[in-house]
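Since the structure comes first, as structure tokens, the remarks are kept for the end.
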Amino acid sequence: MALKVLTALDSAKTQYYHFKAIIIAGMGLFTDAYDLFCIPPIMKLIGRIYYGSSRDPGQVPQAVTSAMVATALLGTVIGQLVFGRLGDLIGRRKVYGFALMIMVMSSFGCGHSICTSRTCVLFSLGFFRFLLGIGIGGDYPLSATIMSEFANKRTRGAFIAGVFSMQGFGILASSTVTMIVCSIFDRATSRGSESTPHSADLAWRIILMIGAVPAGFTYYWRMMMPETARYTALVERNVPQAAKDMEKVLDVSASQIAEEFCVYPRNSPPSYSFFSKSFIQSHGRNLFACSISWFLVDIVFYSSNLFQSQIYKRYLSKKQEVNAFQEAFEVARLQAIIAICSTIPGYFATMYFIDRFGRVKIQMMGFFFMAISLLAMGIPYYSYWNNNTNGWFMFLYGLTFFFSNFGPNTTTFIVPAELFPACFRTTCHGISGAIGKIGAIIGSLGFLWASHNKKEDGYTKGIGMTASLILLAGVCLVGMIITYIFTPETMGISLEENENIISEYHQRESNAGTV
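So the sequence shown is numbered by full-length UniProt numbering: it starts at 1 and just counts up by one.
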């Protein structure tokens, strides 16, 4: 029989705690985006400080940029796998605060290096970015699962998308903080009189450390969150405690959730172990769909982020004409424009339509229009700049980000939190995300090489921008096909209904084997 506490969760009205949970759960995603998008302007400062000379402002070499990107992503892969598994083994709440503390301490560590030599500073920054990646990676499966297990089935997609949309505000915060810090330092050091003021070495550290502040403020609220009722009832099999925890945070009466007699949930943990033959038979297809879709979209998404450096060259002042703070300010300003015009609207569109259109349609649509935009940018790429039609190019570039977020970048975060049983939920979400971040590493490192059609600015010769963008469009089309064939729709379906379907399937298989 269905448990009252779970039925009440599925039918609960939208309440204050749901919005509070979005902020609490989304702060890790906020920190993730803040860290990712503050790196381009920070690398401008570091390039001038540690690679510049009196004649040349300096630029960070390709190998160093690649290492900084890859170390954080590698940490994210490890964090998703480790914390994803721990979330199922010992509970979501018990490891949730620990992941946040790693993020906070690592963010401060990124800026607190006492080194003065180039090698030491970069090694220290890379080390703490790796630790930061572990914390961010751990936050992904826990935040998505916690929100999915607190939400009702009618608006569950919108609330998980709301958590993920905190990335958009992280991007905007990163750009805003960078512009404010650079403006203050620029004015304080007699604007424009020195190409690379000594205080630039302090500025980039402050920008990184400020990213830890919002996450630190939410630590207390994470510790005050009870364990999710679904984990307590279905995995720990403690239904009375699940009812008590639910009363603490949601506006429900005891009569709505109290069981009339002692009952064990129908959706008790499966008897088979993780990655057993039975697990693969029951969940392998869904895990493949989630993982490959995430892998493909992250190849494109992270490549597109790095692509910004190519676009910015057309809109930035020459290095010799501006000082370090002004150059970083210009990069941050362009990032803010893209975030406001395309990235954040994409998140909001997903929140509005996800429980109307469904996950599969939005994911397929996003992949399709990303492919169209990339092809429209790639095929006539050089003519945009040669014929001074770069405004149209920027529109298409923004459209790529819009349909990434109103599409697979968001839905790949949502679907793994809905498809799997409670005892495997964070584990499978972590695996999906980890494979996605492997795609991000491939996209980041590959694009840095592939996008150059000649040896320039320290970059080796690749296949060029036209071929790179067409290749990314092909990746999007493959993602659309994978989604259509393998990804099931979860809109409006209770988390427990998925478990019932799987249990009944598994029972039929067992019965067939005994005949």
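The beta-carbon is built from N, C-alpha and C at its ideal position, and this holds for glycine as well.
All figures in this text were calculated on a predicted structure; none of them were measured in a lab.
I need the straight-line Cα distance from residue i to residue j, nearest angstrom please.
i	j	result
C38	Y51	19 Å
F402	F348	10 Å
F447	A422	38 Å
L29	R92	17 Å
F130	I102	11 Å
I90	D245	17 Å
A229	E418	15 Å
P416	E247	27 Å
I344	F169	7 Å
T116	L472	40 Å
L250	Q62	51 Å
F261	Y272	Interpretation of F261 is limited by its pLDDT of 43, a score under 50 that renders its predicted location unreliable; no figure is taken from the coordinates.
G79	M105	15 Å
K319	G138	39 Å
S282	L399	38 Å
I136	N387	43 Å
S199	F185	7 Å
L125	A12	45 Å
G494	P57	Before going on, a small fix: residue 494 reads as Ser here, not Gly. Going from the Cα of S494 to the Cα of P57 covers about 57 Å.
M1	G391	Only weak support is given to the placement of M1: the predicted model assigns it a pLDDT of 45, under 50, and the value that follows is read from those uncertain coordinates. Spanning the two alpha carbons is a distance of roughly 60 Å.
V478	S432	17 Å
D10	L3	11 Å
T190	I46	In the sequence on display, residue 190 carries Ser and not Thr. Going by the C-alpha atoms only, they are around 20 Å apart.
I280	H112	46 Å
T119	F275	43 Å
A188	Q363	48 Å
Have a look at the options and flag the residue whose alpha-carbon is nearest the alpha-carbon of residue i.
i	options	result
V181	F98, E327, E236, F295	E327
V360	Q59, T490, I292	T490
F307	E497, I49, Y381	Y381
K313	W385, F301, A242	W385
K153	Q241, D355, I362	D355
P488	S404, L287, A434, E321	L287
L445	F301, F357, G398	F301
F150	A243, F127, V60	A243
T14	T155, F406, G430	T155
A158	P57, G492, L36, E497	G492
residue 556	N498, G97, L202, F393	One cannot answer for residue 556 here, as it falls past the ends of the chain, which runs 1 to 515.
F357	S317, R205, S107, G407	G407
G133	G109, R118, S113	G109
S404	N305, F128, T65, I292	N305
I435	A339, I114, P141, T31	P141
I24	L86, Q167, L81	Q167
G430	F83, I463, K94	F83
Y219	T31, N498, G443	T31
Residue i by DSSP, collapsed to three states: which one?
i	result
F261	Unreliable positioning characterises F261 in this predicted model, as indicated by a pLDDT of 43, which lies under 50. The coordinate reading is nonetheless provided below. Reduced to three states, the DSSP call for F261 is coil.
S291	helix
G464	coil
I337	helix
G52	coil
G407	coil
K437	helix
M491	coil
Q15	coil
L3	coil
M225	coil
I379	coil
Q59	coil
Y347	helix
F401	helix
T145	helix
H112	coil
R129	helix
F275	coil
If residue i sits next to residue j, beta carbons under 8 Å apart, how far is it from one beta carbon to the other, in whole angstroms?
i	j	result
C476	M370	5 Å
M365	A161	Wrong, their Cβ atoms sit about 15 Å apart, outside the cutoff.
Y34	G211	4 Å
S195	A324	7 Å
S175	A336	4 Å
F164	F413	5 Å
I470	I372	Actually they do not touch by this definition, with Cβ atoms about 12 Å apart.
L172	E496	That pair is no contact at about 37 Å.
R222	L100	6 Å
Please confirm whether residue i has its beta-carbon closer than 7 Å to some beta-carbon of chain B.
i	result
Q167	The displayed structure is made up of one protein chain only, and chain B is not part of it.
Query raised in the report: Touching or not, the segment 289 to 299 and the segment 482 to 496, by the rule of three or more beta carbon pairs under 8 Å?
Result: yes
Query raised in the report: Using 8 Å as the threshold, is the segment 130 to 148 in touch with the segment 421 to 440, meaning 3 or more CB pairs across them?
Result: yes
Report task. Determine contact between the segment 40 to 49 and the segment 327 to 344, defined as no fewer than three beta-carbon pairs at a distance below 8 Å. Result -> yes
Query raised in the report: Counting pairs of beta carbons, one from the segment 229 to 241 and one from the segment 204 to 216, are three or more of them closer than 8 Å?
Result: no
Query raised in the report: Any chance the segment 64 to 77 sits against the segment 171 to 180, with 3 or more Cβ pairs inside 8 Å?
Result: no
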